[in-house]
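Asks: Residue numbers (my numbering): 1 to 278.
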Amino acid sequence: MIGVLRQRWGGWIAAGWLAGLVGVCYWPVIGNIVHQWQSDDNMAHGWFVPVIVGYIVWERREELEGVRIAPSGWGLALLAASGVVACVGALAAEIFTERLALVGTVAGLVWYLGGGELMRRLRFPLLLLFFALPLPGLLHKQITFPLQLLATRLAEWGLELTGRAVLREGNVLELAGRMISVVEACSGIRALLTLEFFALAYAYLFHEKVWMRWALAAAAVPVAVLANAGRVMATALLGEVDPRLAEGFYHGLEGWAVFVAAMAMLIGVERLLRRWAK
1 MIGVLRQRWG GWIAAGWLAG LVGVCYWPVI GNIVHQWQSD DNMAHGWFVP
51 VIVGYIVWER REELEGVRIA PSGWGLALLA ASGVVACVGA LAAEIFTERL
101 ALVGTVAGLV WYLGGGELMR RLRFPLLLLF FALPLPGLLH KQITFPLQLL
151 ATRLAEWGLE LTGRAVLREG NVLELAGRMI SVVEACSGIR ALLTLEFFAL
201 AYAYLFHEKV WMRWALAAAA VPVAVLANAG RVMATALLGE VDPRLAEGFY
251 HGLEGWAVFV AAMAMLIGVE RLLRRWAK
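This is how it looks when you write it as structure tokens:
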């Protein structure tokens, strides 16, 4: 018994030392990520990622206590590979590469200290850590522009259903002599990333069936797109009443209201899936 306790305490001490070393080595990268959480509205969900990942691990603690700890050389290989990637990223001033290396290092640490079985049990929470990483600029542009065009087109159709004459050109709507531009900040990527993260975390925590998890994760995409198109419509309609309602504080408040509505829609989809599964 004493030997087992000593072994466990030794493992925790080693894990603590290595985690501290990783924190020191990656401190500039971590600081950069946190700074972007603060300054980039599209990454506001980043604050929740480590908290929810930690909660998932805590919820699975009894299951994890039964895992046989067997340090793996594969984890050491992943640690080494992540270190090389981090060095290359630092030399090339490629920030996203360094961020990827951080997640790889965390995964390698778990794999090396805990072994393959622990890694398998924690692979999903570790994958969720990627949501904490801001998208690289090129990928961000490739996603946001199509989302802008899609939101504009859907809003156009919605406004036409209300009987309004709408002229669309690219990501710009013209109605009643007013121009509404669906800019990058209104592309809906913020809602898409946030809803997808919460959908995956919720599905993992509360649904054992794999197909339910995938279905809920897939549903988050159209829900986010429709919610953003609804926001563009609301901006246009409120602008008819008073142009001040379509900008500034009211525009931000409208965004929060639409996001809450999107969360409600996602919960509604989850309830329907659960009822259908019975």
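Note that the Cβ used here is the ideal one computed from N, Cα and C, for glycine as well.
In angstroms with no decimal places, state the Cα-to-Cα distance between P222 and L102.
Replies: Numbered from its first residue, the sequence shown carries residue 222 at position 222. Numbered from its first residue, the sequence shown carries residue 102 at position 102. Their Cα atoms are separated by approximately 31 angstroms.
Asks: If you draw a straight line from the C-alpha of W157 to the C-alpha of M233, how long is it?
Replies: Against the sequence shown, residue 157 aligns to sequence position 157. Against the sequence shown, residue 233 aligns to sequence position 233. So the alpha carbons of these two residues sit roughly 10 angstroms apart.
Asks: Looking at the unbroken alpha helix (DSSP H) that takes in E63, where does it start and where does it end?
Replies: Here residue 63 refers to the residue found at position 63 when the sequence shown is read from its first residue. First-last of the alpha helix (DSSP H) with E63: R61 to E65.
Asks: Have a look at A217, L200 and H140 and flag the residue whose alpha-carbon is nearest the alpha-carbon of E184.
Replies: Your numbering for residue 184 matches position 184 in the sequence shown. Minimum Cα distance to E184 is reached at H140.
Asks: Would you decide whether G16 is buried or exposed? Buried here means 16 or more other CB atoms lie within 10 Å of its CB.
Replies: The residue labelled residue 16 in the question sits at position 16 within the sequence shown. Classification for G16: exposed.
Asks: With a CB to CB cut of under 7 angstroms and the five nearest residues on each side skipped, what residues in its chain are close to A220?
Replies: Taking the sequence shown and counting its residues from 1, one reaches residue 220 at position 220. Only L195, E196, A199 and L266 meet the Cβ criterion.
Asks: Just tell me which of A90, N171, C87 and L91 has its CA closest to the CA of L154.
Replies: On the sequence shown, position 154 is the one that residue 154 refers to. Checking every option, the nearest Cα to that of L154 belongs to N171.
Asks: Inspect the beta-carbon positions of N121 and R60 and report whether they are closer than 8 angstroms.
Replies: Reading the sequence shown from its first residue, position 121 is the one you call residue 121. Reading the sequence shown from its first residue, position 60 is the one you call residue 60. A small fix is needed here, since residue 121 is Arg in this sequence, not Asn. Against a cut-off of 8 angstroms, the Cβ pair of R60 and R121 comes out as a contact.
Asks: Determine the direct distance from the alpha carbon of A229 to that of F259, and round the result to whole angstroms.
Replies: Mapped onto the sequence shown, residue 259 falls at position 259. Mapped onto the sequence shown, residue 229 falls at position 229. Taking the straight line joining both Cα atoms gives about 12 angstroms.
Asks: Using three-state DSSP, classify S82 as helix, strand or coil.
Replies: Walking along the sequence shown from the start, residue 82 turns up at place 82. Helix at S82.
Asks: Hey, quick one: how far does the beta strand (DSSP E) through S181 stretch, first residue to last?
Replies: Translated into positions along the sequence shown, residue 181 becomes position 181. First-last of the beta strand (DSSP E) with S181: R178 to S181.
Asks: What's the C-alpha gap between A107 and S72?
Replies: Position 107 of the sequence shown, counted from the first residue, corresponds to residue 107. Position 72 of the sequence shown, counted from the first residue, corresponds to residue 72. Their backbone Cα atoms lie some 12 angstroms apart in a straight line.
Asks: Which whole runs of the alpha helix (DSSP H) in the stretch 77 to 141 are 4 residues long or more, in chain order?
Replies: The qualifying runs are 95 to 114 and 116 to 128.
Asks: Whose CA, out of F131, L109 and P125, lies closest to the CA of W47?
Replies: In the sequence shown, counting from the first residue as 1, residue 47 sits at position 47. Nearest C-alpha to W47: F131.
Asks: Judging by CA-CA distance, which residue of A191, L79 and E270 is the nearest neighbour of A257?
Replies: Here residue 257 corresponds to residue number 257 of the sequence shown, with the count starting at 1. Ranking the options by Cα distance to A257, first place goes to A191.
Asks: Between the alpha carbons of A128 and F206, how many angstroms are there, rounded?
Replies: The count along the sequence shown starts at 1 and reaches residue 128 at position 128. The count along the sequence shown starts at 1 and reaches residue 206 at position 206. Looking at the sequence shown, residue 128 is not Ala but Leu. Computed Cα separation, rounded: 16 angstroms.
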